[in-house]
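Just below is one structure, and these are the notes that go with it.
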Ligand SMILES: [Mn+2]
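Residue numbers (the working numbering): 841 to 1267.
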């Protein structure tokens, strides 16, 4: 007595992932579409739910139509129903393909921006699916304002399919109020449009964006895939992301403090990649490409030279670090703070940097300068002002708050002077 549904959105058939070798078959979103169809068949899923932007644009019609129809055909042969709504990218092309009428198992809900429902009975469970489709590219009003559907009294569950922008009031892509979603007699909302997988926790119903199942660029980091829903009588709806994206994007952060040789940095990069790959072990089957943005951090006297120690070439893929995976560092971002070694020399310069160096030295040695005294006075005054403020007085009842202490002031000023000097020297 249960139903299994697989939900996904924003596949953008016709597009391909950035930063992969040219013409890589796995980089195309059609690759993940076939994987999704295979998963539905392998896991005996009862119905596939697609919540918009499945096709990238109508200019991608010819790239998308073949694979989409082939998938629908396979699902029809396996007696799997498909329910979908159109988004802002496929508002015209999706009805066109479905309208060709060869797929009795495929149901586009809510064409022309009118809410529509469909009853599905499987394994002794009656399920109502409700949906609304984009009638045009831009929709400024919340589609929930016109929510009217008949839900059969014998229906055990109601699942809503909708493409739009949750809690973005001025969106031109169907602004959806979360409170509006919660008010409807719906047990779970499957949304589309936002590519980042998002679950709104806290209260019923279950509201979520499955997100794009195929990572398209470094702007779509982390594990991605469709979401499996399990519906059982008298139980909360179970949901689980099934990792399927062949591409994984992420940041790699390496601290270069105290590194003196290229080999040190290389070792640390390898280590970081291995750690990352290890943490992704459970999705290793689907994962073929790992693309990283490398951030160099920490303190170093010559951060600009350190940056040249790694030199990711255009088509450089590292193939043998992790078996079965291709790895690429797509970009190196230098966030290294300059370690100033000649602070004493700099302190003699009549520049702003010189004054800051002089102040840092004075704080470190427990001495004082005219500038430091002035800054400490200012700090003390501001701190006392803050302590007299309403919010601060409210806090006082919870914590013991002491008078501004010069030692604390010196410490804060030291951090600020260092930050300022680094910014000055770094340009
Ligand atoms: Mn969209």
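From the three backbone atoms N, C-alpha and C, an ideal C-beta is built for every residue, glycine too.
Could you tell me which residues DSSP puts in a beta bridge with residue 1169? Indexing the chain shown from 1 puts residue 1169 at position 329. Paired residue(s): 1132.
Burial state of residue 1055 (16 or more Cβ within 10 Å) = Counting from 1 along the chain shown, the entry for residue 1055 is found at position 215. So residue 1055 counts as buried.
Is residue 927 close to ligand 1? I mean its beta-carbon at under 7 Å from any heavy atom of the ligand. Here the question's residue 927 lines up with position 87 in the chain shown. The answer is yes for residue 927.
Practice problem: Measure the beta-carbon distance from residue 1000 to residue 1024 and round it to whole angstroms, keeping in mind my assumption that it falls under 8 Å. | Solution: On the chain shown, residue 1000 is found 160 positions in, with the first residue counted as 1. On the chain shown, residue 1024 is found 184 positions in, with the first residue counted as 1. With a Cβ gap of about 7 Å, residue 1000 and residue 1024 count as contacting.
- Residues bridged to residue 1068 by DSSP? Against the chain shown, residue 1068 aligns to sequence position 228. DSSP output for residue 1068 lists 846 and 1080 as bridge partner(s).
Residue 946 - DSSP class collapsed to helix/strand/coil:
Counting from one through the chain shown, the residue named residue 946 turns up at place 106. In this structure, residue 946 counts as strand in the three-state DSSP scheme.
- [ ] Flag this pair as yes or no: are the beta carbons of residue 1082 and residue 1027 separated by less than 8 Å?
- [x] Numbered from 1 along the chain shown, position 242 holds the residue referred to as residue 1082. Numbered from 1 along the chain shown, position 187 holds the residue referred to as residue 1027. No; because the gap between Cβ atoms is not below 8 Å, this pair is not in contact.
- Task: Using alpha carbons as the reference points, say which of 859, 860, 897 and 888 lies closest to residue 853.
- Result: Within the chain shown, the letter at position 13 stands for residue 853. The candidate whose alpha carbon is nearest that of residue 853 is 897.
* Can you find a heavy atom of ligand 1 that lies under 7 Å from the Cβ of residue 1013? -> Here residue 1013 refers to the residue found at position 173 of the chain shown. Yes, ligand 1 has a heavy atom inside 7 Å of this Cβ.
Mapping the DSSP letters down to three states, classify residue 900 as helix, strand or coil. Within the chain shown, the letter at position 60 stands for residue 900. Note: residue 900 maps to helix in three-state DSSP.
(Q) Using 8 Å as the cut-off, can you tell me whether the region 1185-1197 makes contact with the region 1254-1264, which would need three or more C-beta pairs spanning the two stretches below that distance? (A) yes
Given residue 1268, which residues of its chain have a CB within under 7 Å of its CB, disregarding the five upstream and five downstream residues? Because residue 1268 is not part of the residues shown, which for the chain are 841 to 1267, the question remains open.
DSSP bridge partner residues for residue 956 (one or two, in chain order) | One-based indexing of the chain shown puts residue 956 at position 116. In the DSSP output, where bridge partners are listed per residue, residue 956 has 971.
Check whether the Cβ atoms of residue 837 and residue 986 sit closer than 8 Å, and answer yes or no.
Residue 837 lies beyond the range of the chain shown here (841 to 1267); nothing can be said about it.
Using a Cβ-Cβ cut-off of 8 Å (strictly less than) and excluding sequence neighbours within five positions of residue 1183, which residues of its own chain qualify?
Sequence index remark: in the chain shown, residue 1183 carries index 343 (1-based). Same-chain partners within the cutoff: 1197, 1200 and 1201.
Assumed close pair residue 1046, residue 842 - CB separation to whole angstroms, cut-off 8 Å:
Counted from its first residue, the chain shown places residue 1046 at position 206. Counted from its first residue, the chain shown places residue 842 at position 2. With a Cβ gap of about 16 Å, residue 1046 and residue 842 do not count as contacting.
Margin query: At a threshold of 7 Å, does residue 1054 count as lining ligand 1 (C-beta to nearest heavy atom)?
Written below: Counted from its first residue, the chain shown places residue 1054 at position 214. The answer is no for residue 1054.
Boundaries of the alpha helix (DSSP H) in which residue 878 is found, first to last residue | Counting from 1 along the chain shown, the entry for residue 878 is found at position 38. From DSSP, the alpha helix (DSSP H) with residue 878 extends over 869-882.
Can you give me the C-alpha to C-alpha distance between residue 855 and residue 906, rounded to a whole angstrom? Locating residue 855 in the chain shown gives position 15, counting from the first residue. Locating residue 906 in the chain shown gives position 66, counting from the first residue. Cα-Cα distance, rounded: 14 Å.
What's the gap between the Cα of residue 1165 and the Cα of residue 953?
Stepping through the chain shown from its first residue, residue 1165 is reached at position 325. Stepping through the chain shown from its first residue, residue 953 is reached at position 113. Cα to Cα, the separation comes out at about 44 Å.
- Task: Taking residue 1143 as part of the alpha helix (DSSP H), name the residues at either end of that continuous run.
- Result: The residue given as residue 1143 occupies position 303 in the chain shown. Here the alpha helix (DSSP H) through residue 1143 covers 1143-1149.
Check: Do residue 1021 and residue 1048 have their C-beta atoms within less than 8 Å of each other?
Finding: Here residue 1021 is taken as the residue at index 181 of the chain shown, counted from 1. Here residue 1048 is taken as the residue at index 208 of the chain shown, counted from 1. For residue 1021 and residue 1048, no; Cβs fall outside 8 Å.
| request: Would you kindly report the start and end of the unbroken beta strand (DSSP E) that includes residue 1002? | output: Here residue 1002 refers to the residue found at position 162 when the chain shown is read from its first residue. Residue 1002 -> beta strand (DSSP E) spans 997-1003.
query = Name the DSSP bridge partner or partners of residue 1040?
reply = Position 200 of the chain shown, counted from the first residue, corresponds to residue 1040. Residue 1040 is bridged to 1047.
- Query: Would you call the CB atoms of residue 914 and residue 885 closer than 8 Å?
  - Reply: Position 74 of the chain shown holds residue 914. Position 45 of the chain shown holds residue 885. It is not a contact, given that the beta carbons lie outside the stated cut-off.
*Could you tell me how far apart the beta carbons of residue 1053 and residue 1176 are, in whole angstroms, since I believe they sit closer than 8 Å?*
Translated into the one-based positions of the chain shown, residue 1053 becomes position 213. Translated into the one-based positions of the chain shown, residue 1176 becomes position 336. Contact flag wrong, Cβ pair sits at about 36 Å.
Check: Using DSSP with H/G/I as helix, E/B as strand and the rest coil, what is residue 1127?
Finding: Here residue 1127 corresponds to residue number 287 of the chain shown, with the count starting at 1. Coil, per DSSP.
Q. According to the neighbour-count rule (16 or more other Cβ atoms, all chains shown, within 10 Å of its Cβ), is residue 1085 buried or exposed?
A. Working through the chain shown from its first residue, we reach residue 1085 at position 245. Buried: at least 16 other Cβ atoms inside 10 Å.
Excluding five sequence neighbours on each side, which residues of the same chain lie with their C-beta closer than 8 Å to the C-beta of residue 1126? For the purposes of this step, residue 1126 is taken as residue 286 along the chain shown, with counting starting at 1. Excluding positions up to five away in sequence, the list reads 875, 1065, 1083, 1084, 1085 and 1086.
First and last residue of the uninterrupted beta strand (DSSP E) at residue 890
One-based indexing of the chain shown puts residue 890 at position 50. Residues 887-891.
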